[in-house]
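Enquirer: Dropping the structure in here first, questions after.
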Amino acid sequence: MKINRHQIRESAFQVLFAKNANKDGNLVDIKDQVLEQYDTTEQDTQYLNYLIDGVLEHEDDLKAQISSKLKKGWSITRLTNPDLIILELGTFELTDQNDTPDNVVINESIELAKTFADDNSRKFINGVLSKIADEH
């Protein structure tokens, strides 16, 4: 099956979630396992790597940006792993130089939340990413 951008984002989430759960896991093996159901092109793999590597390389900065948009009294440690990973992916795409419009990034993040988080997470993720998008 051919992969689309939404499925690439889902795959990036799955790889980052698995890596977070198993810090010693081999990133290449995790990616291969997640992608085995798709027919991917070099361009697809590059975009997946762009998302994964971008989040991993800028994790501290992304967390700082997310933390600055949380309600007073909230800390990033209060977030569930799925919420945090979705926010990191969305924040990376919003703040990095790419051609994806902000509203698409936010909508894609909400779709990830529908699949991997709960109903409350969708509104929360929308709010945080909208604040980040307003600054960039």
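All letters in the sequence shown, in the order written, are residues 1 to 136 by UniProt numbering. Here a beta-carbon is modelled for each residue, glycine too, at the ideal position from N, C-alpha and C. Source: prediction; values computed, not measured.
(1) Please report the distance separating the alpha-carbon of Ile106 from that of Leu79.
(2) What's the call for Pro82, buried or exposed, on a 16-neighbour Cβ count within 10 Å?
(3) Report yes if the CB atom of Leu112 is closer than 8 Å to the CB atom of Phe13, and no otherwise.
(4) Quick one: measure Cβ to Cβ for Leu129 and Thr91, integer angstroms, because I've assumed they're closer than 8 Å.
(5) Excluding the 5 residues preceding and the 5 following Ile132 in the sequence, name in chain order all residues of the same chain whose CB lies nearer than 8 Å to its CB.
(6) Going by other Cβ atoms of all chains shown within 10 Å of its Cβ, with 16 needed for buried, is Arg9 buried or exposed?
(7) Once the 5 residues before and after Ile86 are set aside, which same chain residues still bring their CB inside 6 Å of it?
(8) Run through the UniProt domain "NusB/RsmB/TIM44" (6-133) for me and flag every whole alpha helix (DSSP H) of 4 or more residues, listed as ranges in chain order.
(9) Please state if the CB of Ile3 and the CB of Tyr50 are separated by a distance shorter than 8 Å.
(10) Do you know offhand how far Met1's Cα is from Asp53's?
(11) Pull up the CB-CB distance for Lys31 and Val15, whole angstroms please, since I reckon it's below 8 Å.
(12) Rounded to whole angstroms, what's the CA-CA distance from Gly25 to Gln33? Just pull it up for me.
Expert: Based on what the coordinates show:
(1) Within the sequence shown, the letter at position 106 stands for residue 106. Within the sequence shown, the letter at position 79 stands for residue 79. Their backbone Cα atoms lie some 18 Å apart in a straight line.
(2) Residue 82 sits at position 82 when you count from the first residue of the sequence shown. Per the 10 Å Cβ criterion, buried.
(3) As a working mapping, residue 112 is identified with position 112 in the sequence shown. As a working mapping, residue 13 is identified with position 13 in the sequence shown. Yes, these two residues count as a Cβ contact at 8 Å.
(4) Within the sequence shown, residue 129 is the residue found at index 129, counting from 1. Within the sequence shown, residue 91 is the residue found at index 91, counting from 1. With a Cβ gap of about 7 Å, Leu129 and Thr91 count as contacting.
(5) Counted from its first residue, the sequence shown places residue 132 at position 132. Gln65, Ile66, Lys69, Gly90, Thr91, Leu94 and Thr95.
(6) For the purposes of this step, residue 9 is taken as residue 9 along the sequence shown, with counting starting at 1. Arg9 is buried by the Cβ-count criterion.
(7) In the sequence shown, residue 86 corresponds to position 86, counting from 1. If we look at Ile86 and ignore the five residues flanking it on each side, its Cβ neighbours are Ser109, Leu112, Ala113 and Ile125.
(8) 27-35, 42-57, 59-67, 81-95 and 102-116
(9) If you number the sequence shown from 1, residue 50 lands on position 50. If you number the sequence shown from 1, residue 3 lands on position 3. No, these two residues do not count as a Cβ contact at 8 Å.
(10) Working through the sequence shown from its first residue, we reach residue 1 at position 1. Working through the sequence shown from its first residue, we reach residue 53 at position 53. Taking the straight line from one Cα to the other gives about 24 Å.
(11) The residue given as residue 31 occupies position 31 in the sequence shown. The residue given as residue 15 occupies position 15 in the sequence shown. About 5 Å; that satisfies the 8 Å criterion.
(12) Counting from 1 along the sequence shown, the entry for residue 25 is found at position 25. Counting from 1 along the sequence shown, the entry for residue 33 is found at position 33. Looking at the two C-alpha atoms, the distance is approximately 12 Å.
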